[in-house]
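Everything below concerns the one structure shown next.
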Amino acid sequence: MSGIVIIGGGIQGLSIAFNLARLGAGNIRVLDAGYFQGGASGRNGTLIRGGFGSPEWTSLFAHSNRLWADLSATLGENVMFTPRGYLIIAQSPAMMARLEGMVSLHRAHGLDAVLLTPAEVKALEPAIAAAGILGAIHLRDGGVAPHHAAMKAYLAASRRLGVTVEYGRPVTAIEQVGGLICAVMTGDERIACETLVIAAGAYSVDVGALAGIEVPGFPMRIEAMALEPVRPILRSAIALPDRLCYLHQTARGEIVGGAEVAERPQVTLRSDIAALAATARAYAEVFPCLASLRILRQWAGMLHATQDWGPLIGRHPDLANLWLSAGWSYGFAGAPAAGDLLARAILRDDLDARLKPFAVDRFRRGAPVREGSIVLAPVE
Amino acid sequence: MALHRAGERALSCTRKRHRPLGLSGSFIQGVMARVDGVPNVRLDQCQARPGMVAERQNSWPSPRADLLKLFRLVPARWVRGGFEHTRLFPSGTRRFLWWERLLAFLAGEGRLDPAPPPSAIQPGRHHACDLLVVGGGPAGIAAANHAAKTGRTVVLATRGERLARGATAMGEIVTPIDPSVTVLTSHEVGALYRGGTLAVAAPHDDGPATVIACAQLTLATGKRSLPPLVPGNALPGVMDATTALALAARGSKALGPTLVVGTDARDRVATRLRAQGVDLVDCRPVAELKAVRGSKGVTGADCNGERIACASIVHAGPWRTDPNLAFQAGSAGELRLAAGEPAAQVTLAGFAAAPDEAVHWSGIADEATDICPCMDVTAAEIADLVRGGITHVEELKRQSACGMGPCQGFPCWELMNAVRAGVGGPHLAADRPSHRGPRRALTVAQAAGLSDVVEPLR
Ligand SMILES: Cc1cc2nc3c(=O)[nH]c(=O)nc-3n(C[C@H](O)[C@H](O)[C@H](O)COP(=O)(O)OP(=O)(O)OC[C@H]3O[C@@H](n4cnc5c(N)ncnc54)[C@H](O)[C@@H]3O)c2cc1C
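Chains A and B supply the protein sequences, listed in that same order.
Numbering of the first sequence is given in our numbering, commencing with residue 48 and proceeding in unit increments.
Numbering of the second sequence is given in our numbering, commencing with residue 60 and proceeding in unit increments.
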């Protein structure tokens, strides 16, 4: 009996697999080319928020944020999601004006969002240098979840429901008959399938090419670094959009985060000194006490960038049994919602309104999603 | 060094179980303390000054009355990697929030002052040269001198406060450095970028970091002796030959009765220690050492059934090259960074270029044999993971947190691989998780100063 094949065992692939199995689908197979947690899902900043600058992003991510809050119970494992709050801090009048406009949007989507004055930000985060801060949005249900806990939980829960998840199994060919996908090849093995889902992260463009389709966007690296552990000094998950910087302190005491620099998109897992210096500069200026800490390690992960930075979720317009969950830049935060809504779309043919704006063919139709609060460098 | 000589051997403790750690030359956690209010300072890299206050970290309520030592009673199995996502405290419940707070408190070693005195960002420096030599031993000096003679511009960076520290400690005569070579002493090169053509070096104090653009790179970083893979191997008093020689040079009494274990070159180290007045009780092949005895520090050793009383165990082998910089210069891969062919302009020189010696492991997966004591990873944990089917080095690292402490992978991944190969059979390649810079080599302030020095890739 042929079933559902998912290409990619990152958090997207695992969340889709788990949700499909939970809705009763059988014979689900996840194939991943690398090792467990080797993709962006094991290399990210682990920040989770529901509120963004656009209604499209906010409605999808607010749903995801709510699912994160109960995810341990849902999966029967401990994902360690901690609602320590998420601060988006403005350092320029333009950003402050944008944040002021976002609060009502966030509240309308059921998020517990408040606007904070610099003094209130300082009270919440005593380590911050209040000079130069104009205010912040405080998303009180936002937070972080360590990716090692979340990934292990998704993997264990999926396997418990009978999903087969294999690492070290690259998909090398995709077969079609009559406008439908019928099988994939991994090594010498041919696996027949009724439905194929591409959730291959940065490699989704290449995997799409195997099926003869064009997946919009391109791969690029982004980088992060960890400072040596200290006793709790930062409470919230923090974004500094003016500095293209984000950070938080993990339950292991390390300060983990990164700042983006505008560079020619790089397809490599090597890290670069420009990102290291930019991150350190933002930390030292905004959180002066971090200046004396030493940098333990820096690393890079690969993202699938799209023209509007938004994900590509849904059915492919040209192949009726091919689905995608790709193009993610906030795919860690978005995974619970994407898995939940996409599984329903695949099994029940019920495409939720929250997924519709992120349709795979939106660029073809000239309908990108405009979103102004994400922390990523413009691509040159 | 001064503290160790004063008889203070347990300077620090392990992350989870608070077992004592000291000056070992192997595990950095053992020498980290809060110095004059700054957390995580390496005691072996700071000069003792009158009035300096060094406090033990990771203690509560105070370094003297430290209740956290009670964690030594917790069985090692309970705190294996991943223990923190126990189902007993799932997120979404109130008890998780307390659990997370407890974890964060225990994990954060040092205490940071949220309102420190303003520390100015140090503007970084930039050097361009034909050749960068990393390592100031005889091989590094020879490589630098050779290039300088042919008219090339050379920078030599070494972590030593002067050139050829180790060779001098061994009593060797050292060639002077060519005066045209730019020498950066007390500088750690922790990160290489862009295929080894850009290096970052920073001084151990808070002086400015330097970016060195080089056409060629020579790694003359020598080798380090790995601690023996036996129970008790992380006890204060177990140290590598380099550390022992440095201590002995400052006064032979600090070591007490000393046992030397090691590979072929161990006799040279033993002879040198004896010449410096160290009370040498024996010198044995490392494979004969079965266990280190002691609870707060070394009191003896078991060698092939024989009990040897001693206060220090000095290991002189197996010697291995820290693969970090060569890895950073040559690694490649899209799904994973793995060791690649070193780029053509990168060479290893001297002892670093010699073949690595094998790590001896008895095959007994003991909870008292440390692989990565900073993070409390034991041979038993690694062996159980491998037997349970987790054999990929990256997964072993993520699962156990081996190498995630201050040393960032050396010597811990070498020891991890010895156990992995010993359990899984010899067919497993000597492969390591990705080495990542800058491995504590620079502070945030130093790195911040580099933002005007390098252009992003455009
Ligand atoms: C440094 C960094 C920081 C980030 N910070 C955040 C953050 O704070 N919050 C947030 O929400 N997001 C963040 N992200 C983004 C987030 O990590 C990603 O959007 C998310 O992990 C994507 O998940 P995924 O499952 O789609 O991709 P991945 O985790 O990359 O998984 C894709 C998988 O596909 C596999 N694959 C590739 N080709 C094939 C093939 N041919 N056959 C089979 N398998 C294949 C790969 O091996 C890989 O495991 C960050 C990313 C990075 C790199």
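For glycine and all other residues, C-beta sits at the position ideal for the given N, C-alpha and C.
Computed from a predicted model, the values in this text were never measured in an experiment.
Is it the case that the Cβ atoms of residue i and residue j are separated by a distance below 8 Å?
i        : j        : result
His195/A : Leu134/A : no
Ala293/B : Phe86/B  : yes
Leu148/B : Phe155/B : Per the sequence shown, the amino acid found at residue 148/B is Phe instead of Leu. Against a cut-off of 8 Å, the Cβ pair of Phe155/B and Phe148/B comes out as a contact.
Ala68/A  : Val210/A : yes
Ala141/A : Ala309/A : no
Asn112/A : Ile136/A : no
Ala322/A : Gly304/A : no
Pro197/B : Ala223/B : yes
Asp237/B : Lys282/B : no
Gly182/A : Leu146/A : yes
Glu168/B : Gly300/A : yes
Leu394/A : Thr502/B : no
Arg391/A : Asp399/A : yes
Val90/B  : Ser71/B  : yes
Glu124/A : Arg136/B : no
Thr219/A : Asn368/A : no
Leu202/A : Val212/A : yes
Met127/A : Ala192/A : yes
Pro267/B : Arg184/B : yes
Kindly indicate if chain A contains any beta-carbon less than 8 Å away from that of residue i.
i        : result
Ile87/B  : no
Ser178/B : yes
His451/B : yes
Thr428/B : no
Ala504/B : yes
Glu159/B : yes
Phe130/B : no
Ala201/B : no
Pro344/B : no
Do we get a CB-CB distance below 8 Å when we pair residue i with the residues of chain B?
i        : result
Trp375/A : no
Glu124/A : yes
Phe128/A : yes
Gln313/A : yes
Glu427/A : Low local confidence applies: a pLDDT of 48 at Glu427/A is under 50, so the model's placement there is unreliable, with the coordinate-based value given in what follows. For Glu427/A, the answer is yes, since a Cβ of chain B falls inside 8 Å of its Cβ.
Leu163/A : no
Glu275/A : yes
Glu236/A : no
Arg216/A : no
Ile135/A : no
Trp339/A : The sequence given here places Ser at residue 339/A; Trp does not occur at that position. Ser339/A counts as touching chain B.
His431/A : Residue 431/A lies beyond the residue range present for chain A, which begins at 48 and ends at 427; the question has no answer from this structure.
Ile320/A : yes
Glu103/A : no
Val231/A : no
Ile51/A  : no
Using a Cβ-Cβ cut-off of 8 Å, state whether residue i counts as contacting chain E.
i        : result
Phe148/B : Among the protein chains of the structure shown, namely A and B, there is no chain E.
Quiz prompt | Contact set between the region 161 to 172 of chain B and chain A, restricted to residues whose Cβ is under 7 Å from the partner | solution = Leu162, Ala163, Phe164, Ala166, Gly167, Glu168, Gly169, Arg170, Leu171 and Asp172
Quiz item: Using a beta-carbon distance cut-off of less than 8 Å, what residues from the region 135 to 146 of chain B approach chain A?
Solution: Gly141, Glu143, His144, Thr145 and Arg146
Quiz prompt | Inter-stretch contact (C-beta, 8 Å, three-pair minimum) for the region 375 to 392 of chain B and the region 406 to 416 of chain B | solution = yes
Exercise. Could you tell me whether the region 399 to 412 of chain A touches the region 360 to 375 of chain A, using the rule of 3 or more Cβ pairs below 8 Å?
Key: yes
Quiz prompt | Residues from the region 83 to 94 of chain A in contact with chain B, defined by Cβ distance under 9 Å | solution = Phe83, Gln84, Gly85, Gly86 and Gly89
Practice problem: Name, going along the chain, the residues of the region 399 to 426 of chain B whose beta-carbon falls closer than 8 Å to a beta-carbon of chain A. | Solution: Answer set for the region 399 to 426 of chain B: empty.
Quiz prompt | Residues within the region 380 to 399 of chain B neighbouring chain A, beta-carbon criterion of under 9 Å | solution = Gln387, Ser390, Ala391, Gly392, Glu393, Leu394, Arg395 and Leu396
Quiz prompt | contact_flag[the region 76 to 92 of chain A, the region 378 to 397 of chain A] where n(CB pairs < 8 Å) is 3 or more | solution = Under the Cβ criterion (8 Å, minimum of three pairs), the region 76 to 92 of chain A counts as touching the region 378 to 397 of chain A.
Practice problem: Identify each residue in the region 143 to 163 of chain A for which the Cβ-Cβ distance to at least one residue of chain B is less than 9 Å, and report them in chain order. | Solution: none
Practice problem: Quick one: which residues of the region 266 to 278 of chain B get their C-beta closer than 8 Å to a C-beta of chain A? List them in chain order. | Solution: Val270
Exercise. Could you name the residues of the region 96 to 117 of chain B whose beta carbon sits closer than 8 Å to any beta carbon of chain A, in the order they occur along the chain?
Key: Val97, Pro98 and Asn99
Quiz item: How do the region 393 to 401 of chain B and the region 420 to 429 of chain B stand: do at least 3 beta-carbon pairs fall below 8 Å, yes or no?
Solution: no
Self-check item: At least 3 beta-carbon pairs within less than 8 Å: the region 247 to 254 of chain B vs the region 377 to 391 of chain B
Solution: yes
Quiz item: In the region 231 to 252 of chain B, which residues sit with their C-beta less than 9 Å from some C-beta in chain A, listed in chain order?
Solution: Here the close residues are Gly249, Ala250 and Tyr252.
Quiz item: Between the region 294 to 304 of chain B and the region 347 to 362 of chain B, do at least 3 Cβ pairs fall closer than 8 Å?
Solution: Counting C-beta pairs with one atom in each stretch, the region 294 to 304 of chain B and the region 347 to 362 of chain B have three or more that are closer than 8 Å, which means they touch.
Quiz item: If you pair each beta-carbon of the region 304 to 320 of chain B with each one of the region 364 to 372 of chain B, do three or more pairs fall below 8 Å?
Solution: yes
Exercise. Flag this pair as touching only if the region 91 to 110 of chain A and the region 227 to 239 of chain A have three or more C-beta atom pairs under 8 Å; answer yes or no.
Key: no
Quiz item: Is the region 270 to 289 of chain B touching the region 337 to 352 of chain B in the sense that three or more CB pairs, one from each, lie closer than 8 Å?
Solution: Yes: the two stretches touch, three or more of their Cβ pairs being nearer than 8 Å.
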